[in-house]
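Numbering of the sequence shown is given in the UniProt record's numbering, commencing with residue 1 and proceeding in unit increments. The next block holds one structure in the form of structure tokens; read it before the comments.
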Amino acid sequence: MKWRGDRQSTNVEDRTNGRVTQTGGRAVKGGGIFSMIILGLVMLLGGGNLGSVLNMMEPPAQQVSPQTQQLSTERKEFVSVVFGHLEDFWGQEFQREGFRYTQPSMVLYSGRVRTACGSADSSVGPFYCPGDQKVYLDLSFMDELATKYKAKGDFAMAYVVAHEVGHHVQQQLGIADQMNKLRTTLSTKEYNKYQVRMELQADYYAGMWTKYIAGKTHNGQPILEIGDVESALTAANAIGDDTLQRKFQGFVIPDSFTHGTSKQRINWFNRGYQYGDFEHGNTFAATNLDLE
Ligand SMILES: [Zn+2]
């Protein structure tokens, strides 16, 4: 994917150093503002300079090589550009349909993170929290994609981000609320069937966005490069529940599937990529989730 120099979303919070800063140079918000006020007070009362206060408050810096630092900066920029493209696309789609749309934000963290959905660590993988409308991402997942799931190429990560934003689209459409109601009335087994459809729809939405991005150019060249869609498909294939369960348990238990099989994920992503509209993405009405 060609991306260097493209607009980076300003709705990205970088919490990888335990500090809240935003990419794109926007002001810190929420807890950030509060701690800045406290810091300002400490500074005024103590007569010290802000730099030394910051040094006191921060955890000791980890030793990172310049190469690692550069790789991490590059990854942050990449996912911020992807997030920006997703904002453009969904903003425009909702406007066309006459629906209201609130943009999500994305939190980059490392290790552990606190969210409106509780606290989580990076072993859960990238996720979306409807409670605060944020996508949570530990950038080390990009290594996991390449090594554990053999999904090389930056577009595999773009697909993952697009899938999470797909959950935000569902939240905006009221689907997440309906799912919450089902959760209280259905057995886990029955609820999981809906959960699979929810996940496949997020894959469909990732495909919809991919169709849009496939029509875009970067300095006169197509943004998508040869192999990009394949790398998204490899990721979809690798993180299908059946593949994951076979890999980590040695067998598959269909009732506990919550993301759909590899084949289903690939097929719904492809369907979104083919049609690129809301109409063909109703996984809840589909009689055959395999799309055969
Ligand atoms: Zn999902």
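We put the CB at the ideal spot given by N, CA and C, even for glycine.
Leaving aside the five residues that flank Gly125 on each side, the residues in its chain whose CB is nearer than 7 Å to its CB run, in chain order, Phe141. In its chain, beyond the 5 residues on either side, Asp6, Arg7, Gln8, Ser9 have a beta carbon closer than 8 Å to the beta carbon of Gly84.
Rounded to whole angstroms, the gap between the alpha carbons of Cys117 and Val135 is 11 Å. For ligand 1, a non-hydrogen atom lies closer than 6 Å to the CB of Glu199. Residue environment analysis places Thr16 among the buried positions, since at least 16 neighbouring C-beta atoms fall within 10 angstroms of its C-beta. Between Arg197 and Phe278, the gap from beta carbon to beta carbon reaches 7 Å or more. Pairing Ala238 with Phe269 gives a Cβ-Cβ distance that is not under 7 Å. For Thr217, the beta-bridge partners assigned by DSSP are Pro222.
By the Cβ-count criterion, Arg114 is exposed, with fewer than 16 other Cβ atoms from all chains shown falling within 10 Å of its own Cβ. Short of 6 Å from the beta carbon of Leu233, and not among the five residues preceding or following it, lie these beta carbons of its own chain, in chain order: Ile266. Bridge partners of Thr115 according to DSSP: Gly118. The beta-carbon separation of Ala206 and Gly272, rounded to 7 Å, stays under the 8 Å limit for a contact.
Rounded to the nearest whole angstrom, the CA to CA distance from Glu93 to Ala146 is 31 Å.
Excluding its 5 nearest sequence neighbours in each direction, Thr243 has C-beta neighbours in its own chain below 6 Å: Ser262, listed in chain order.
Burial state of Thr210 is buried, judged by a 10 Å Cβ sphere holding 16 or more other Cβ atoms.
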